[in-house]
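A.B. asks:
There are 2 protein chains.
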Amino acid sequence: MSATDEYLVNNEAYATTFSGPLALPPARKLAVVACMDARMDIYSILGLRAGDAHVLRNAGGVVSEDTIRSLAISQRLLGTRKIMLIHHTDCGMLTFTDDVFKREIEEDTGLRPWWAPEAFPDLDEDVRQSTRRIRSSPFLPHTDAVRGFVFDVATGLLTEVK
Amino acid sequence: MSATDEYLVNNEAYATTFSGPLALPPARKLAVVACMDARMDIYSILGLRAGDAHVLRNAGGVVSEDTIRSLAISQRLLGTRKIMLIHHTDCGMLTFTDDVFKREIEEDTGLRPWWAPEAFPDLDEDVRQSTRRIRSSPFLPHTDAVRGFVFDVATGLLTEVK
Numbered sequence: 005m006s007a008t009d010e011y012l013v014n015n016e017a018y019a020t021t022f023s024g025p026l027a028l029p030p031a032r033k034l035a036v037v038a039c040m041d042a043r044m045d046i047y048s049i050l051g052l053r054a055g056d057a058h059v060l061r062n063a064g065g066v067v068s069e070d071t072i073r074s075l076a077i078s079q080r081l082l083g084t085r086k087i088m089l090i091h092h093t094d095c096g097m098l099t100f101t102d103d104v105f106k107r108e109i110e111e112d113t114g115l116r117p118w119w120a121p122e123a124f125p126d127l128d129e130d131v132r133q134s135t136r137r138i139r140s141s142p143f144l145p146h147t148d149a150v151r152g153f154v155f156d157v158a159t160g161l162l163t164e165v166k
Numbered sequence: 005m006s007a008t009d010e011y012l013v014n015n016e017a018y019a020t021t022f023s024g025p026l027a028l029p030p031a032r033k034l035a036v037v038a039c040m041d042a043r044m045d046i047y048s049i050l051g052l053r054a055g056d057a058h059v060l061r062n063a064g065g066v067v068s069e070d071t072i073r074s075l076a077i078s079q080r081l082l083g084t085r086k087i088m089l090i091h092h093t094d095c096g097m098l099t100f101t102d103d104v105f106k107r108e109i110e111e112d113t114g115l116r117p118w119w120a121p122e123a124f125p126d127l128d129e130d131v132r133q134s135t136r137r138i139r140s141s142p143f144l145p146h147t148d149a150v151r152g153f154v155f156d157v158a159t160g161l162l163t164e165v166k
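If you read the protein sequences in the order shown, they are chains A and B.
Note that the first sequence ends on residue 166 in the numbering used here; no numbers are left out.
Note that the second sequence ends on residue 166 in the numbering used here; no numbers are left out.
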């Protein structure tokens, strides 16, 4: 059975004990921005319950234009007020540089990406960069309550970045 | 206690039973692209285990330039081959239009967003749009195994979009 078909069987089991629907706006008025890394089950790591918080994820957990788009919708239409940023140790984004990755894609496809891959060499500094991008956005009405963290994939613990 | 501080206490409990670290590349070679909606605990909905799959999330679960960036990294550097797209019923993206949202932001801030908010009126059609965006990207080497689904927030069940 393919992975996807296996997950669809799991989903049928999930639905047998499902009690919904919950309300659309996040109950805890929180948005989490995290890396897409497979090892981070964000709901379990934080003890989030379904309905608590928006969860945004991409490669690196960076604050991209798409992240600003999503946070603008989250804050302006669905009432969130706080943001948690979560990067993590052993991140793939620490293992390459934008220039090399773009050149590899150009060599493979003939096209150089017009977007930045957003690799970064320092976890804590990229969390601070993400915070600054949020604070500098003209489209987000609530940028005071932003806290950044690094998840340790060896221990399961979050450490706050100051 | 603030929501974030409460989640940090939860995280300490999570870490006490944590056994890591797992490998960086997703074990099931899968990337999931889903909406940020608070009611979708993707790991539970699919029975994903930590380490199985990249999980990408944004407002709507749309395929943005940032999604292509993340999938390019996922496929080219971390070995994923399959993609699951997950939209859901009662989505916030069904409740507004790009024009109105952009005008509201312009009236509030004086600045009109230069990005599309990406509202959509039809769930199934937007899943198909997302599939087409993936298939048309020159930067993704693996675009054959893309399957799209709608999660029902009332029943907990996924339905495949054909």
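From the three backbone atoms N, C-alpha and C, an ideal C-beta is built for every residue, glycine too.
Would A/Thr93 and A/Val157 qualify as a contact pair, given that the criterion is a beta-carbon distance under 8 Å?
C.D. replies: Result yes, Cβ atoms of A/Thr93 and A/Val157 sit closer than 8 Å.
A.B. asks: Got a sec: is the Cβ-Cβ distance from B/Asn140 to anything in chain A below 8 Å?
C.D. replies: The residue asked about is misnamed: residue 140 of chain B is Ser in this sequence, not Asn. Output row for B/Ser140: interface = no.
A.B. asks: How is the beta strand (DSSP E) around A/Lys86 delimited, first residue to last?
C.D. replies: That run of the beta strand (DSSP E) goes Lys86 to His92.
A.B. asks: Spell out a yes or no on whether the stretch 108 to 117 of chain B and the stretch 137 to 144 of chain A are touching, meaning 3 or more CB-CB pairs, one atom from each, closer than 8 Å.
C.D. replies: With a cut-off of 8 Å, the stretch 137 to 144 of chain A and the stretch 108 to 117 of chain B count as touching, because enough Cβ pairs lie within range.
A.B. asks: Counting only runs of 4+ residues fully inside the stretch 112 to 164 of chain B, write out the alpha helix (DSSP H) ranges in chain order.
C.D. replies: For the stretch 112 to 164 of chain B, whole alpha helix (DSSP H) runs of length 4 or above, ordered along the chain, are 127 to 140.
A.B. asks: Quick check: the Cα distance between A/Phe155 and A/Thr163, rounded to an integer number of angstroms?
C.D. replies: Distance between the alpha carbons of A/Phe155 and A/Thr163: 6 Å.
A.B. asks: Could you tell me the alpha carbon to alpha carbon distance between B/Arg137 and B/Thr20, rounded to whole angstroms?
C.D. replies: About 42 Å.
A.B. asks: Quick one: list the residues of chain B neighbouring A/Val59, beta-carbon separation under 7 Å, in chain order.
C.D. replies: Residues of chain B passing the Cβ test: Met40 and Arg61.
A.B. asks: Examine chain A for any beta-carbon lying closer than 8 Å to the beta-carbon of B/Leu162, and answer yes or no.
C.D. replies: So yes, B/Leu162 belongs to the interface.
A.B. asks: What are the start and end residues of the beta strand (DSSP E) that includes B/Leu12?
C.D. replies: Counting along the chain, B/Leu12 falls outside any beta strand (DSSP E), though it belongs to the alpha helix (DSSP H) covering Ala7 to Thr20.
A.B. asks: Comparing the C-beta of B/Gly55 with each C-beta of chain A, is any distance below 8 Å?
C.D. replies: Judged by the 8 Å Cβ criterion, B/Gly55 is in contact with chain A.
A.B. asks: Taking CB distances under 8 Å as the criterion, tell me whether B/Phe124 reaches chain A.
C.D. replies: B/Phe124 does not count as touching chain A.
A.B. asks: Does B/Glu129 pass the burial test, meaning 16 or more other C-beta atoms within 10 Å, or should it be called exposed?
C.D. replies: So B/Glu129 counts as exposed.
A.B. asks: Taking the beta strand (DSSP E) that A/Arg80 falls in, what are its first and last residues?
C.D. replies: Element bounds for A/Arg80: not the beta strand (DSSP E) but the alpha helix (DSSP H), Glu69 to Arg80.
A.B. asks: Just to confirm the assignment, what range does the alpha helix (DSSP H) spanning A/Leu50 have?
C.D. replies: Per DSSP, A/Leu50 belongs to the alpha helix (DSSP H) from Ile46 to Leu50.
A.B. asks: Determine whether the beta carbon atoms of B/Arg85 and B/His146 lie at a separation below 8 Å.
C.D. replies: Yes. Within cutoff.
A.B. asks: Using 8 Å as the threshold, is the C-beta distance between B/Tyr11 and A/Leu52 below it?
C.D. replies: Yes; because the gap between Cβ atoms is below 8 Å, this pair is in contact.
A.B. asks: From which residue to which residue does the beta strand (DSSP E) around B/Cys39 run?
C.D. replies: Run containing B/Cys39: Leu34 to Cys39, per the beta strand (DSSP E) assignment.
A.B. asks: Compare the C-beta of B/Ile49 with all C-beta atoms of chain A and state if any pair is closer than 8 Å.
C.D. replies: Output row for B/Ile49: interface = yes.
A.B. asks: Take B/Ile87 and list the residues in its own chain whose beta-carbon comes closer than 6 Å to its own, dropping the five residues that flank it on each side.
C.D. replies: Here the set comprises Ala35 and Val150.
A.B. asks: Return helix, strand or coil for B/Leu60, following the three-state DSSP convention.
C.D. replies: Of the three classes helix, strand and coil, the one that applies to B/Leu60 here is strand, per DSSP.
A.B. asks: For A/Asp126, which of A/Gln79, A/Ala120 and A/Val66 has the nearest alpha-carbon?
C.D. replies: Here the closest residue by C-alpha is A/Val66.
A.B. asks: Excluding the five sequence neighbours on either side, which residues of its own chain have a C-beta within less than 7 Å of the C-beta of A/Ala76, listed in chain order?
C.D. replies: Around A/Ala76: Phe143 and Leu144.
A.B. asks: Leaving aside the five residues before and after A/Lys106 along the sequence, list all residues of the same chain whose C-beta is less than 7 Å from its C-beta, in chain order.
C.D. replies: Arg116, Pro117 and Pro121.
A.B. asks: Can you pull the chain A residues whose beta carbon is under 7 Å from the beta carbon of B/Ile77, in chain order?
C.D. replies: By Cβ distance, chain A contributes Ala63, Gly96 and Pro121.
A.B. asks: With distance defined between alpha-carbon atoms, name the residue in B/Pro29, B/Gly64, B/Thr135 and B/Leu26 nearest to B/Ala123.
C.D. replies: Nearest C-alpha to B/Ala123: B/Gly64.
A.B. asks: So, helix, strand or coil for A/Val66, using DSSP?
C.D. replies: Here A/Val66 sits in coil by DSSP.
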